[in-house]
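Student:
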Amino acid sequence: MALLGLRIARDLALGSDNPKIRHFAEVADIGASPLLLVFLGLVVSKLMAVLGLTG
Numbered sequence: 001m002a003l004l005g006l007r008i009a010r011d012l013a014l015g016s017d018n019p020k021i022r023h024f025a026e027v028a029d030i031g032a033s034p035l036l037l038v039f040l041g042l043v044v045s046k047l048m049a050v051l052g053l054t055g
């Protein structure tokens, strides 16, 4: 949920004219993208284990 909230806040901040808020969007994008990829990797790994697709 925190990752989703961070992505929504980043998208809203990108639409702002305030440079400080736009800077937050850049920082949030740098931090959220790797975390989102790791989360998706864990979900895929667990799903494969449940379905018995791991070797």
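This note's numbering numbers the first residue of the sequence shown as 1 and each following residue consecutively.
All residues carry an ideal CB built from backbone N, CA and C; glycine is no exception.
#1: For residue 8 and residue 17, what's the separation of their Cα atoms in angstroms?
#2: Ordered along the chain, which non-local residues of its own chain (more than five positions away) have a Cβ less than 6 Å from that of residue 28?
#3: Would you kindly report the start and end of the unbroken alpha helix (DSSP H) that includes residue 17?
#4: What do you get for residue 13, buried or exposed, if any count of 16 or more other CB atoms within 10 angstroms of its CB means buried?
Tutor: Looking at the coordinates:
#1: Indexing the sequence shown from 1 puts residue 8 at position 8. Indexing the sequence shown from 1 puts residue 17 at position 17. Inter-residue distance for residue 8 and residue 17 is about 17 Å (C-alpha atoms, whole angstroms).
#2: Taking the first residue of the sequence shown as position 1, residue 28 is located at position 28. Closer than 6 Å at Cβ, skipping near neighbours: 6, 10.
#3: As a first step, residue 17 is located in the sequence shown; it is residue number 17 there, counting from the start. Going by DSSP, residue 17 is part of no alpha helix (DSSP H) at all; its letter is neither H nor E.
#4: Start at 1 with the first residue of the sequence shown, and residue 13 comes out as number 13. Classification of residue 13: buried, given that the 10 Å Cβ count is 16 or more.
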